[in-house]
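Some notes on the structure that comes next.
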Amino acid sequence: SQELEQSPQSLIVQEGKNLTINCTSSKTLYGLYWYKQKYGEGLIFLMMLQKGGEEKSHEKITAKLDEKKQQSSLHITASQPSHAGIYLCGASRADRGSTLGRLYFGRGTQLTVWP
Amino acid sequence: GAGVSQSPRYKVAKRGQDVALRCDPISGHVSLFWYQQALGQGPEFLTYFQNEAQLDKSGLPSDRFFAERPEGSVSTLKIQRTQQEDSAVYLCASRDQETQYFGPGTRLLVL
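Chains A and B supply the protein sequences, listed in that same order. Residues in the first sequence are numbered from 259 upward in steps of one, following our numbering. Residues in the second sequence are numbered from -10 upward in steps of one, following our numbering.
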């Protein structure tokens, strides 16, 4: 079962446009991870957020975690064809009994960037 | 340094065959995870090792699935009597303090 909801499921944007992908959980999270996946490849780590209200940036990608630690957004500025792929959010949970480090993933957002 | 490696990258099996998938984690990583990713889905947790101890196997879908990590480094995921529904990408990840690093996966197709 998918414990995280990602939206949109797919996104097609023109090169140079900005875009946002959202990830929502019904439960408070311990940590929120963003990964990128290309077809036939594994997951490439992008960023990890742990504190409510935290924001991190790497090159043209910015990720934020809300104060309640239940929603995160990934924002890409001035998209390029190299940004194309599947973006996955994964979360570790704070509740007792949950295996430390075990990640629950959303279904992913398929991003296409056309020139 | 080297990342997580997995072999084989692709495996085609006839229904009923046994398969073994190998994972080489990043050197020194104590924690190792296996996930299963069906087409169009996010990865789903299978099992977790801390060193050689399998601390959580709650995600293994049936008793046909078995995982081991006898010396606390390399891990093997074995699937006995494969079924068509086992077709998926099997991902291995190892973890440092906070971050899980994934291997390229083994794409299993059961005919």
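We put the beta carbon where it would ideally sit given N, CA and C, even for glycine.
Nearest-angstrom Cα separation, counted from residue j out to residue i
{"i": "residue 129(B)", "j": "residue -5(B)", "result": "Lying before the first or after the last residue shown, residue 129(B) is absent from chain B, which here runs from -10 to 100."}
{"i": "residue 36(B)", "j": "residue 275(A)", "result": "40 Å"}
{"i": "residue 331(A)", "j": "residue 323(A)", "result": "7 Å"}
{"i": "residue 282(A)", "j": "residue 263(A)", "result": "5 Å"}
{"i": "residue 9(B)", "j": "residue 326(A)", "result": "42 Å"}
{"i": "residue 359(A)", "j": "residue 273(A)", "result": "36 Å"}
{"i": "residue 56(B)", "j": "residue 19(B)", "result": "16 Å"}
{"i": "residue 288(A)", "j": "residue 77(B)", "result": "28 Å"}
{"i": "residue 61(B)", "j": "residue 271(A)", "result": "45 Å"}
{"i": "residue 23(B)", "j": "residue 309(A)", "result": "27 Å"}
{"i": "residue 224(A)", "j": "residue 350(A)", "result": "Nothing about residue 224(A) can be read from this structure; chain A reaches only from 259 to 373."}
{"i": "residue 268(A)", "j": "residue 16(B)", "result": "36 Å"}
{"i": "residue 34(B)", "j": "residue 315(A)", "result": "28 Å"}
{"i": "residue 279(A)", "j": "residue 48(B)", "result": "28 Å"}
Residue i vs residue j beta-carbon contact at 8 Å
{"i": "residue 4(B)", "j": "residue 72(B)", "result": "yes"}
{"i": "residue 342(A)", "j": "residue 320(A)", "result": "no"}
{"i": "residue -2(B)", "j": "residue 65(B)", "result": "no"}
{"i": "residue 362(A)", "j": "residue 299(A)", "result": "no"}
{"i": "residue 334(A)", "j": "residue 295(A)", "result": "no"}
{"i": "residue 27(B)", "j": "residue 97(B)", "result": "no"}
{"i": "residue 266(A)", "j": "residue 357(A)", "result": "no"}
{"i": "residue 38(B)", "j": "residue 53(B)", "result": "no"}
{"i": "residue 328(A)", "j": "residue 286(A)", "result": "yes"}
Residue range of the unbroken beta strand (DSSP E) whose run includes residue i
{"i": "residue 297(A)", "result": "Looking at the DSSP string, residue 297(A) is not in any beta strand (DSSP E), and its letter there is neither H nor E."}
{"i": "residue 348(A)", "result": "343 to 351"}
{"i": "residue 357(A)", "result": "Looking at the DSSP string, residue 357(A) is not in any beta strand (DSSP E), and its letter there is neither H nor E."}
{"i": "residue 101(B)", "result": "In the structure as shown, chain B starts at -10 and stops at 100, and residue 101(B) therefore has no counterpart that could be examined."}
{"i": "residue 263(A)", "result": "262 to 265"}
{"i": "residue 63(B)", "result": "Run containing residue 63(B): none; DSSP gives neither H nor E here."}
Beta bridge counterpart(s) of residue i as assigned by DSSP
{"i": "residue -4(B)", "result": "11(B)"}
{"i": "residue 27(B)", "result": "Answer is none; residue 27(B) lacks a bridge partner."}
Contact the stretch 75 to 94 of chain B vs the stretch 283 to 303 of chain A: 3+ CB pairs below 8 Å: yes
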